[in-house]
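Enquirer:
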Amino acid sequence: MWASAFVVIRHVAHDISPGALGSGRLLVAALVVLPLLLRRGWVAPTRREWTLLALGGIGWFGVYNLALNAGERHVDAGTAAMIIQIGPVIVAVLAVPLFGERLHGWLLAGMVVGFAGVAVIARGSSTDADASLLGVLLVLLAAAMYAVGVLTQKVLLRRLPSVQVVFVSFLTGAAICLPFSGDLPGIVADGGAELWWIVYLGVLPTAVAFTTWAYALTHTDAGALSLTTFLVPAIATLIAWLTIDEVPPSLTFVGGALAIVGVLMTRRRPKKA
Numbered sequence: 001m002w003a004s005a006f007v008v009i010r011h012v013a014h015d016i017s018p019g020a021l022g023s024g025r026l027l028v029a030a031l032v033v034l035p036l037l038l039r040r041g042w043v044a045p046t047r048r049e050w051t052l053l054a055l056g057g058i059g060w061f062g063v064y065n066l067a068l069n070a071g072e073r074h075v076d077a078g079t080a081a082m083i084i085q086i087g088p089v090i091v092a093v094l095a096v097p098l099f100g101e102r103l104h105g106w107l108l109a110g111m112v113v114g115f116a117g118v119a120v121i122a123r124g125s126s127t128d129a130d131a132s133l134l135g136v137l138l139v140l141l142a143a144a145m146y147a148v149g150v151l152t153q154k155v156l157l158r159r160l161p162s163v164q165v166v167f168v169s170f171l172t173g174a175a176i177c178l179p180f181s182g183d184l185p186g187i188v189a190d191g192g193a194e195l196w197w198i199v200y201l202g203v204l205p206t207a208v209a210f211t212t213w214a215y216a217l218t219h220t221d222a223g224a225l226s227l228t229t230f231l232v233p234a235i236a237t238l239i240a241w242l243t244i245d246e247v248p249p250s251l252t253f254v255g256g257a258l259a260i261v262g263v264l265m266t267r268r269r270p271k272k273a
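Last residue of the sequence shown: number 273 in the UniProt record's numbering, and the count goes up by one each step with no gaps.
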């Protein structure tokens with residue numbers, strides 16, 4: 001579902017503003033999960049949990065959607081999906097100050113290799129160097145926000161229901177995107193294909209996928225779960241090739257492989273003395 005989102009965003013990127021695409025997607029997702037929240041019941045968050053909910057909602061769902069939607073105006077779907085895979089590297093880096101994990105040699109080496117992969121992707125993503133660099137930087141910002149979201153959710157899901165966490169995150173992200181959504185009322189009134197693509201993004205890649213992800217995150221390690229997203233670039237590239245006849249440049253695959261190797265290196269642990 002996440003892989004298909006990269007292709008849909010790329011398909012409508014020049015027809016719908018980044019804000020409208022993000023806010024519409026998140027509002028639809030909130031409506032879908034609301035019955036689940038009402039059935040599960042509300043658990044009152046603490047002040048610290050409200051802070052983490054705000055941080056995750058603003059970052060992963062607000063800034064992430066704006067950055068990714070704008071970035072895919074400049075890079076293809078497969079390339080965007082590959083750059084997002086640098087997120088687990090950022091998760092590993094941020095876990096050092098946030099959770100007290102040790103900064104070891106494998107982590108440092110993985111950072112170097114992973115970001116070298118992003119640099120290679122930037123070099124090969126298009127012949128328009130300026131546009132390519134802008135797109136890569138925007139998607140890299142989205143990857144950083146993904147990392148923030150994973151880390152905040154892992155803490156929140158220790159006590160709060162997963163459906164409650166994603167519901168609040170959806171509404172927070174939508175509020176961030178709404179000021180940049182001037183074309184959304186016209187899209188809704190028109191009721192054309194653009195609206196139905198927004199509904200698709202809201203129901204499957206957002207409501208269903210993020211709720212499923214949050215449930216899985218309550219039952220496994222954040223780093224290990226992040227590694228499963230390595231399937232996303234391959235699936236996104238295949239869908240883009242079959243539906244919109246778009247394949248990333250060959251150099252992008254080299255960069256994507258480097259990024260994945262970098263992530264795997266950060267997940268290694270030094271031998272105990």
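Virtual Cβ for every residue (Gly too), placed ideally from N, Cα, C.
Are the CB atoms of Leu52 and Leu155 within a distance shorter than 7 Å?
Expert: According to the sequence provided, residue 155 is Val. The question's Leu does not apply to it. In contact: Val155 and Leu52 (Cβ atoms closer than 7 Å).
Enquirer: How many Å lie between Gly100 and Ala119 at the Cα?
Expert: Looking at the two C-alpha atoms, the distance is approximately 29 Å.
Enquirer: Measure the C-alpha to C-alpha separation of Phe180 and Ser17 and round it to an integer number of angstroms.
Expert: The straight-line gap from Cα to Cα measures roughly 8 Å.
Enquirer: Determine the closest residue to Thr212 out of Gln153, Thr172 and Leu68, with distance taken between C-alpha atoms.
Expert: Comparing Cα positions, the closest option is Gln153.
Enquirer: Excluding sequence positions up to five away, which residues of its chain have a Cβ less than 7 Å from the Cβ of Leu225?
Expert: Excluding residues within five positions, the ones whose Cβ falls inside 7 Å are Ala216 and Leu217.
Enquirer: When burial is assigned at 16 or more other CB atoms within 10 Å of the CB, is Trp60 buried or exposed?
Expert: The residue is buried, with at least 16 neighbouring Cβ atoms inside 10 Å.
Enquirer: What does a CB cutoff of less than 6 Å around Ala240 pick up in its chain, not counting 5 residues either side in sequence?
Expert: Within the same chain, Ala240 has close Cβ partners Val7, Ala77, Gly78 and Glu246.
Enquirer: Could you check the C-alpha separation between Leu195 and Leu138 for me, to the nearest Å?
Expert: Cα to Cα, the separation comes out at about 24 Å.
Enquirer: Identify, in the order they occur along the chain, each residue of the same chain with its Cβ nearer than 8 Å to the Cβ of Ala143, setting aside the five sequence neighbours on each side.
Expert: The residues are Ile83, Ile84, Gln85, Ile86, Gly87 and Ile90.
Enquirer: Apart from the five residues just before and just after Leu98, which ones in its own chain have a Cβ nearer than 7 Å to its Cβ?
Expert: Closer than 7 Å at Cβ, skipping near neighbours: Leu151.
Enquirer: Give me the residue from Leu157, Ala174 and Gly110 with the minimum Cα distance to Val43.
Expert: The candidate whose alpha carbon is nearest that of Val43 is Leu157.
Enquirer: Skipping 5 residues on each side, what residues in its chain have a beta carbon closer than 7 Å to that of Pro161?
Expert: Cβ within range, chain order: Arg40 and Val43.
Enquirer: What first and last residue would you give for the alpha helix (DSSP H) that runs through Val168?
Expert: Here the alpha helix (DSSP H) through Val168 covers Ser162 to Cys177.
Enquirer: In terms of residue numbering, what span does the alpha helix (DSSP H) encompassing Thr211 cover?
Expert: Residues Ala209 to Leu217.
Enquirer: Whole alpha helix (DSSP H) runs in the UniProt domain "EamA" (1-122) with 4 or more residues, listed along the chain?
Expert: 2-12, 18-40, 47-56, 64-71, 77-84 and 87-99, all fully within the UniProt domain "EamA" (1-122).
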